[in-house]
Amino acid sequence: MPDVPSNSRRTALVTGASAGIGEAFAEHLASRGHDLVLTARRAEVLRDVAERIQRRHDVDCRVIPADLSDPDSPRRIFYELARDEIEVDVLVNNAGLGLRKTLLTQEWREVADFMEVMGVAWLHFMQLAMPPMIERGWGRVANIASLAAFAPESPGSLYSGVKAQMLTTSRGMRSAVRGTGVHVTAVCPGYTHTEFHARLGIADLAGRMPRWMWQDRDEVVAEGWRACERNRPVVVTGTVNKILRGVLAVTPAAIVERQMLKSVAAVRSRGRH
Ligand SMILES: NC(=O)c1ccc[n+]([C@@H]2O[C@H](COP(=O)([O-])OP(=O)(O)OC[C@H]3O[C@@H](n4cnc5c(N)ncnc54)[C@H](OP(=O)(O)O)[C@@H]3O)[C@@H](O)[C@H]2O)c1
Numbered sequence: 060m061p062d063v064p065s066n067s068r069r070t071a072l073v074t075g076a077s078a079g080i081g082e083a084f085a086e087h088l089a090s091r092g093h094d095l096v097l098t099a100r101r102a103e104v105l106r107d108v109a110e111r112i113q114r115r116h117d118v119d120c121r122v123i124p125a126d127l128s129d130p131d132s133p134r135r136i137f138y139e140l141a142r143d144e145i146e147v148d149v150l151v152n153n154a155g156l157g158l159r160k161t162l163l164t165q166e167w168r169e170v171a172d173f174m175e176v177m178g179v180a181w182l183h184f185m186q187l188a189m190p191p192m193i194e195r196g197w198g199r200v201a202n203i204a205s206l207a208a209f210a211p212e213s214p215g216s217l218y219s220g221v222k223a224q225m226l227t228t229s230r231g232m233r234s235a236v237r238g239t240g241v242h243v244t245a246v247c248p249g250y251t252h253t254e255f256h257a258r259l260g261i262a263d264l265a266g267r268m269p270r271w272m273w274q275d276r277d278e279v280v281a282e283g284w285r286a287c288e289r290n291r292p293v294v295v296t297g298t299v300n301k302i303l304r305g306v307l308a309v310t311p312a313a314i315v316e317r318q319m320l321k322s323v324a325a326v327r328s329r330g331r332h
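Just so we're aligned, residue 60 is where the sequence shown starts under my numbering, counting upward by one.
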């Protein structure tokens, strides 16, 4: 199935578009002539992003504020779009967050909300968006997973687990729609400059990671979108992350876990001197 020319008016729904990778994805798709539907919780911030993108790229840009920890949000968004006869051709499942504490210490409500956003909402979006894409014979789904999907879980965390689920399910969905004109790609960035770490309260800790480990969000988006256009099942963005993924693949899990604990301790102690 040929890729559409960059000036065709497809519509892209980007979740978590008020900041970080989602905002950059929205801008990238707009620069390729796609109209946009942007969603996230912060309505004002989202509107500012939409206005700026609209001004720069002359595309239609609709804002639908929604909290994806509410299980009804995906359905409500698609209801609003159907009412206005807007079809979703490109779906970027990007909204995400981290949990500050471990499963054993985090308040359950926050764990449940985290799981809804990270483990459920994006599946619901695929179920709502993909059948019409298949019917029309064209669609693109980019699921923003993480290099963490290939790494052992840090003690008590749920993050690598949900990203591993996204990676595996994404691959399965790609197989399910093979030959229909719909592409599904799991995009796996490593450390990326966004609001993510500050929101998690670990900006200091993240800032102590070596600079070579970091990518700009525009690099992540350009490589992620290219992979989706080429119908790649998975892309680990950036050379450093590709090397790390290769190392993770050939190193026994027990050694990786030990090394990870040592690295975290080293980064923490660097901050104390
Ligand atoms: N930054 C990294 O190093 C990194 C690395 C690998 C993977 N990732 C993944 O990349 C994706 C984007 O993260 P980012 O780094 O761009 O983080 P970010 O700058 O913090 O942006 C996160 C986005 O998700 C939205 N969001 C969070 N909770 C939400 C909720 N309950 N309902 C609706 N929207 C919600 C936020 O908007 P509102 O607050 O306005 O709702 C924001 O737009 C995430 O899935 C993350 O796991 C990030």
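We treat Cβ as the ideally placed atom computed from N, Cα and C, and that holds for glycine.
What first and last residue would you give for the beta strand (DSSP E) that runs through residue i?
i	result
I203	198 to 203
V295	293 to 295
N152	149 to 152
A245	241 to 247
T298	Element bounds for T298: not the beta strand (DSSP E) but the alpha helix (DSSP H), 298 to 309.
A262	Run containing A262: none in the beta strand (DSSP E); it sits in the alpha helix (DSSP H), 262 to 266.
Return yes when at least one heavy atom of ligand 1 lies under 7 Å from the C-beta of residue i, else no.
i	result
D126	yes
N153	yes
F137	no
F209	no
G231	no
E343	The chain is shown from 60 up to 332; residue 343 falls before or after that span and cannot be answered.
L156	yes
P248	yes
I261	no
E176	First, the residue type needs correcting, since residue 176 is Val and not Glu in the sequence shown. Yes.
I314	no
R258	yes
V236	no
V104	yes
I112	no
T298	no
T74	yes
G79	yes
I123	no
With 16 as the cutoff for other CB atoms within 10 Å, does residue i come out buried or exposed?
i	result
V108	buried
I136	buried
E103	exposed
L163	exposed
G305	exposed
A257	exposed
T298	exposed
M60	Since pLDDT at M60 reaches only 44, below the 50 mark, its modelled position is unreliable, and the value read off the structure follows with that caveat. Burial call: exposed.
A89	buried
Q274	buried
P133	buried
Which residues in the same chain have their Cβ closer than 7 Å to the Cβ of residue i, if we skip the five residues on either side of it in sequence?
i	result
G178	V221, Q224
R142	none
E254	A78, G79
L307	F209, A210, V315
R276	G79, I80, A83, T251, H252, T253
In terms of residues, what are the limits of the alpha helix (DSSP H) holding residue i?
i	result
A89	79 to 90
V280	276 to 288
T227	218 to 235
A257	255 to 258
R159	Careful: R159 lies outside any alpha helix (DSSP H) and carries neither H nor E.
Looking only at its own chain, which residues have a Cβ that is under 6 Å from the Cβ of residue i, when we skip the five neighbours before and after it?
i	result
V246	A201, I203, G283, V294
L127	A154, V176, A180
F173	L158
Enumerate in chain order the residues of its own chain whose CB-to-CB distance from residue i is below 8 Å, with the five nearest sequence positions on each side excluded.
i	result
H93	R68, R69, T70, A71, V118, D148, V149
S65	Low confidence applies to S65: its pLDDT is 45, below 50, so where it sits in the model is not reliable, and the reading given next is rough at best. Hits under 8 Å: R91, G92.
L279	According to the sequence provided, residue 279 is Val. The question's Leu does not apply to it. Closer than 8 Å at Cβ, skipping near neighbours: I80, A83, V246, P248, T251, T296, G297.
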